[in-house]
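Participant: Chains as they are written, first to last, in our numbering: chain L, 1 to 160; chain U, 1001 to 1431. Think of the CB as a built atom: it goes at the ideal place given N, C-alpha and C, for glycine as much as any other residue.
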């Protein structure tokens, strides 16, 4: 340890005073400072090209603070690829546009449909002919909770 | 220049994000064990429900539509985290002051601050569903006051000019406007002025912030205290309190809880005390401290007409430690000393005292045996396992079995699912 201290002093470690006992935590910091390894083998050719590994979360959410997950119950969106039991990814930061699959609040309940706007009329369209669309009467309000950006299917049942 | 951002009726707002049916209805969130109201919606406030009102006193309001929920801290913590990270966009430095409040240093921010604050506020509302109010002032105390004005202007129209609702920047007001606003604000609303001081000020004829601000700081120090002088200087625009960007280590760590049902047997109390000590020890290790003393208390319910008993004891430790085993041993020894049969205990608690940074070690004269086995690595492993696989995966046997067997366990009959922190709790969506 004594020998190791020279590089630390040279590097101008601010709180090092050899006339006082060292607090235990400084040894940890020192271990970092003096940790220059002498390569014994051939250096890794990838060393200068290191980048972060692909991250699924990054793919699913452009806005992490605005991203939520919910579970689908029902079959009205099957033609859009959303099935009963799927987990949907919802982004609240996106502005809903015509054609988006959205999470809407209808009569205080969450529902997943496709947002359809034409001639100033708004509809929530099902993606399954067996299910009706939701139309709005005058005075009825539609609230979009978020835009559905992905559906996740797990082929092996997880153990939660 | 500082901003204070806080979530309106935060816990209730969190619940409304995932339960749209709660909107426009009177809602309260209850403390641990469904004891008393710790958050109220505006509608619940309008029913006359006070902060901290015991549940049994307001229960009859359910017939008038009141909804009561058990606190869902996993949900509040997650939404708070999202909100705080968006609040950070307001300025360069941020202090998270509580689960629903944050100060931001606005120095160096150019342009229209009110517009900027409205933008951040709208983003928080859209991204997280949480409505907020933002106060801006020359000092932290003024920012806090501005926040109070922004909230009051929104909730009670007519109390302040309507354009100050939601976002209030005191530094953008003309001197005349500012004077009128301060004259309309009672001293009790100032950050740092408690009920006692506010009473004294009123007796001395100082009722509004406008009157307080005209006092001379030296006189205030003579008549009251340095603390009130500092508050006064802050109100006059001299910043005396800086942001605390790094959380300071706690000087004591407590874990106290009321039981779901009254407990009489010592074995049940031993389980509870073990559990509370283990929880406190986890917090102790997280802030990298050791404790030198353990305080244990048990008491009956002051709300029940029964024989009352309340005692506490502090147990000094031979050496500073963060070892759950040693801390629990001390706490249980304390419990043994204060326990009496024949009482219905309603609450127990453990406090770790005389905390010191773990890297400061007291030298010892060789008066006794070698140090016992150092189990700090075992503690690290235990904390990691519990973090990864959930609380209570590894615990001391004296904490007893989880589930039905725990007679003292918390009552949370009205808790909503942990929508954002547990996969099996995901909200269902009709499709």
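By DSSP's criteria, residue 161 of chain L is part of a beta bridge. Which residues make up the other side?
Facilitator: This structure does not reach residue 161 of chain L, given that chain L is present from 1 up to 160, and the question cannot be answered.
Participant: For a contact meaning CB atoms closer than 7 Å, what does residue 1020 of chain U contact in chain L?
Facilitator: One finds 105, 108 in chain L with Cβ atoms closer than 7 Å to the Cβ of residue 1020 of chain U, taken in chain order.
Participant: Listing by chain order, which chain U residues have their CB less than 7 Å from the CB of residue 134 of chain L?
Facilitator: In chain order: nothing, as chain U lies at least about 11 Å away.
Participant: From the DSSP output, in three-state form, read off residue 1203 of chain U for me.
Facilitator: helix
Participant: Cα-Cα, which of L/112, L/142, L/131, L/156 is closest to residue 148 of chain L?
Facilitator: L/112
Participant: For residue 1044 of chain U, which residues from the same chain have a beta carbon less than 7 Å from its beta carbon, with the 5 sequence-adjacent residues on both sides left out?
Facilitator: Within its own chain, the residues whose Cβ lies closer than 7 Å to the Cβ of residue 1044 of chain U, once the five positions on either side in sequence are excluded, are 1026, 1027, 1028, 1066, listed in chain order.
Participant: Could you pull the DSSP bridge partners for residue 147 of chain L from this structure?
Facilitator: L/91, L/102
Participant: Residues of the region 1243 to 1259 of chain U in Cβ contact with chain L at a cutoff of 8 Å, in chain order, please.
Facilitator: none
Participant: Which residues mark the beginning and the end of the alpha helix (DSSP H) in which residue 1277 of chain U is found?
Facilitator: Unbroken alpha helix (DSSP H) run through residue 1277 of chain U: 1266 to 1286.
Participant: Going by DSSP, what residues sit across from residue 1117 of chain U in a beta bridge?
Facilitator: DSSP, once it has assigned bridges, lists no residue as partnering residue 1117 of chain U.
Participant: Closer than 7 Å, CB to CB, is residue 1340 of chain U near chain L or not?
Facilitator: no
Participant: Which of the three DSSP states is assigned to residue 1386 of chain U in this structure?
Facilitator: helix
Participant: On the CB-based measure, 16 or more other CB atoms within 10 Å of its CB, does residue 57 of chain L come out buried or exposed?
Facilitator: exposed
Participant: In whole angstroms, what is the alpha-carbon distance linking residue 114 of chain L and residue 124 of chain L?
Facilitator: Near 5 Å, if we compare the C-alpha coordinates of residue 124 of chain L and residue 114 of chain L.
Participant: Buried or exposed for residue 1127 of chain U, going by 16 or more other Cβ atoms inside 10 Å?
Facilitator: Burial call: buried.
Participant: Rounded to a whole number of angstroms, what is the C-alpha to C-alpha distance between residue 1406 of chain U and residue 1278 of chain U?
Facilitator: 16 Å
Participant: Compare the C-alpha of residue 1057 of chain U against each of U/1214, U/1071, U/1035, U/1078 and name the closest.
Facilitator: Measuring from the Cα of residue 1057 of chain U, the nearest candidate turns out to be U/1035.
Participant: Would you check if there are 3 or more beta carbon pairs closer than 8 Å linking the region 1175 to 1191 of chain U to the region 1218 to 1227 of chain U?
Facilitator: no
Participant: Would residue 1125 of chain U count as contacting chain L if we go by Cβ distances under 7 Å?
Facilitator: no
Participant: Against chain L, with Cβ distances strictly below 7 Å, would residue 1429 of chain U count as a contact?
Facilitator: yes
Participant: Can you give, in chain order, each stretch of the beta strand (DSSP E) that sits fully within the region 1100 to 1152 of chain U and has at least 3 residues?
Facilitator: 1101 to 1105, 1132 to 1137
Participant: Per the DSSP calculation, residue 1239 of chain U is bridged to which residue(s)?
Facilitator: Note: residue 1239 of chain U sits in no beta bridge, so no partner.
Participant: List the endpoints of the continuous alpha helix (DSSP H) containing residue 1175 of chain U.
Facilitator: 1175 to 1183
Participant: Taking 7 Å as the cut-off, decide whether the C-beta atoms of residue 1114 of chain U and residue 1167 of chain U are in contact.
Facilitator: Their beta carbons are under 7 Å apart, which means residue 1114 of chain U touches residue 1167 of chain U by this criterion.
Participant: Helix, strand or coil for residue 1078 of chain U per DSSP?
Facilitator: helix
Participant: Would you say residue 76 of chain L lies against chain U (beta-carbon separation less than 7 Å)?
Facilitator: yes
Participant: What first and last residue would you give for the alpha helix (DSSP H) that runs through residue 1194 of chain U?
Facilitator: Neither: residue 1194 of chain U is in no alpha helix (DSSP H) and is coded neither H nor E.
Participant: Measuring only between beta-carbons, confirm whether residue 114 of chain L sits less than 7 Å from chain U.
Facilitator: no
Participant: Which of the three DSSP states is assigned to residue 1095 of chain U in this structure?
Facilitator: strand
Participant: Hey, is the region 1329 to 1338 of chain U in contact with the region 1382 to 1394 of chain U, meaning 3+ C-beta pairs nearer than 8 Å?
Facilitator: no
Participant: Ignore the nearest five residues each way along the sequence and tell me which others in residue 87 of chain L's own chain have a CB closer than 6 Å to its CB.
Facilitator: 69, 71, 152
Participant: Flag this pair as yes or no: are the beta carbons of residue 1201 of chain U and residue 1187 of chain U separated by less than 7 Å?
Facilitator: yes
Participant: Would you mind giving the Cβ-Cβ distance between residue 76 of chain L and residue 44 of chain L, rounded to the nearest angstrom? I have them listed as a contact below 8 Å.
Facilitator: That pair is no contact at about 53 Å.
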